[in-house]
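In this note's numbering, the protein residues as written are 40 to 373.
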Amino acid sequence: MKVAVFSTKVYDRKFLSDANSPAQHELVFFEPRLNRDTAILAAGFGAVCVFVHDQVDAPTLELLASRGTRLVVLRCAGFNNVDLQAAADLGITVVRVPAYSPYGVAEHAVGLILSLNRKIHRAYNRVREGNFSLDGLLGFNLHERTVGIVGTGKIGLILGQIMKGFGCHILAYDVYRNPELEALGGKYVELSELFANSDIISLHCPLTPETHHLINAEAIEKIKPGVMLINTSRGALIDTQAVIEGLKSGKIGYLGVDVYEQESELFFEDLSGAIIQDDIFQRLTTFPNVLITGHQAFFTAEALHNIAETTFANIADIEQGRPCANEIRAQVPA
Numbered sequence: 040m041k042v043a044v045f046s047t048k049v050y051d052r053k054f055l056s057d058a059n060s061p062a063q064h065e066l067v068f069f070e071p072r073l074n075r076d077t078a079i080l081a082a083g084f085g086a087v088c089v090f091v092h093d094q095v096d097a098p099t100l101e102l103l104a105s106r107g108t109r110l111v112v113l114r115c116a117g118f119n120n121v122d123l124q125a126a127a128d129l130g131i132t133v134v135r136v137p138a139y140s141p142y143g144v145a146e147h148a149v150g151l152i153l154s155l156n157r158k159i160h161r162a163y164n165r166v167r168e169g170n171f172s173l174d175g176l177l178g179f180n181l182h183e184r185t186v187g188i189v190g191t192g193k194i195g196l197i198l199g200q201i202m203k204g205f206g207c208h209i210l211a212y213d214v215y216r217n218p219e220l221e222a223l224g225g226k227y228v229e230l231s232e233l234f235a236n237s238d239i240i241s242l243h244c245p246l247t248p249e250t251h252h253l254i255n256a257e258a259i260e261k262i263k264p265g266v267m268l269i270n271t272s273r274g275a276l277i278d279t280q281a282v283i284e285g286l287k288s289g290k291i292g293y294l295g296v297d298v299y300e301q302e303s304e305l306f307f308e309d310l311s312g313a314i315i316q317d318d319i320f321q322r323l324t325t326f327p328n329v330l331i332t333g334h335q336a337f338f339t340a341e342a343l344h345n346i347a348e349t350t351f352a353n354i355a356d357i358e359q360g361r362p363c364a365n366e367i368r369a370q371v372p373a
């Protein structure tokens, strides 16, 4: 199959090309993101392969369909950037990679927790400047602390396993209970109870209309003062302006995020020589108790290998007319 691959970096080309060796699909790599302006690049391609910030909205899908594309291959888990109903109406199949780096993401969340707690990022810079003072670097023992995990799928479960190893108590919230987390001693509670009793809150749920701005001003009123808030899931789970107010008041003691609700204009690009226009993001960077990484939690060699392998397995299923377990469709209203 002829596949147009958008939003590609050097690492994408390497892992996708290696995984493509047995199948020998015709891959053409494009650096720009897919949107209604760049869709013309996919003219004559049976499939497009896209990432988290590509805009696969109705106008883009219409342009793709009019030029012969019948398959959208997401090399990521999230699909909130795809108009699934428009795809269905146009006869375009959509597939994704539902899980590729649960250990990587959970471990990155732990890295944020440890760095924020022990001020490792600040200590690193101090030592490089010859400053060995310990003032301002005081942390706390994770042992016996309570960690609230919102979303207990694969990633949330692994985080629970790791934090249990530190001797933490685990509170959990999810629409569906995970028996493996309960077997660890994790206790499912209502969200308000989790907010009120957790020393650390880590978000691992998908972005849906119900979870949009899950952490907002009302939620921040309920949280334990001085809480550490971690988000390695989706940026819009957090109302950033409300979190800034929580940081200013001291209600939020620490913030570690790998995602940001307006990240599509920032992340995955080198903007070190540019003036960043996002004032809300820039305000976040001024807090000494905030640690931001640029959507790198998934970024391990194992994850990129898994993404590439699953991507081509999905293409093979569709190309050969087999049912694909990773196909996603618009939900039919009840």
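A virtual CB, placed ideally from N, CA and C, is assigned to each residue, including glycine. Please read these numbers as outputs of a predicted model, since none were measured by experiment.
Out of Cys363, Ile354, Tyr299 and Asp318, state which residue places its alpha-carbon closest to the alpha-carbon of histidine 334.
Tyr299
If we call anything under 8 Å between Cβ atoms a contact, is leucine 276 one with threonine 250? yes
Coil, strand or helix - histidine 344 by DSSP
helix
Requested in this report: Can you check the stretch 147 to 183 for any alpha helix (DSSP H) of at least 4 residues that lies completely inside it and give the ranges in chain order?
Outcome: 159 to 167
Beta-carbon proximity list for lysine 53, same chain, < 6 Å, skipping 5 on both sides:
none
For aspartate 278 and chain B, any beta-carbon pair shorter than 8 Å? The structure shown contains no chain B, having only a single protein chain.
Exercise. Can you tell me the Cβ-Cβ gap for cysteine 88 and valine 112, rounded? I've got them flagged as a contact below 8 Å.
Key: 4 Å
inquiry  = For lysine 158, count the other beta carbons within 10 Å of its own beta carbon; 16 or more makes it buried, fewer makes it exposed. Which is it?
reply    = buried
- What's the gap between the Cα of alanine 373 and the Cα of arginine 161? The pLDDT assigned to alanine 373 is 46, lower than 50, so where the model puts this residue is not dependable, and the model offers no usable value.
Isoleucine 291 in three-state terms, based on DSSP:
strand
Checklist entry - To the nearest angstrom, how far is it from the Cα of arginine 322 to the Cα of glycine 274? => result 16 Å
How many angstroms separate the CA atom of threonine 132 from the CA atom of alanine 86? 9 Å
In the DSSP output, which residue or residues are listed as bridge partners for threonine 132?
Leu110
**Q.** Every unbroken alpha helix (DSSP H) inside the stretch 202 to 273 [4 residues or more]
**A.** 218 to 222, 230 to 236 and 256 to 261
Within the stretch 61 to 99, note down every full beta strand (DSSP E) run reaching 3 residues or more, in order along the chain. 65 to 68 and 86 to 89
Report the rounded CA-to-CA distance for glycine 187 versus asparagine 170, giving the unit in angstroms. 35 Å
_Less than 8 Å between the C-beta atoms of valine 42 and leucine 66, yes or no?_
yes
**Q.** Euclidean distance between Cα positions of proline 362 and histidine 344
**A.** 23 Å
Collapsed DSSP secondary structure at threonine 349 in the structure displayed: helix
**Asked** Within 10 angstroms of its Cβ, does isoleucine 209 collect 16 or more other Cβ (buried), or is it exposed?
**Response** buried
Can you name, in chain order, every residue of its own chain whose Cβ lies under 7 Å from the Cβ of proline 141, other than the five neighbours on each side?
Lys193, Ile194 and Ile197
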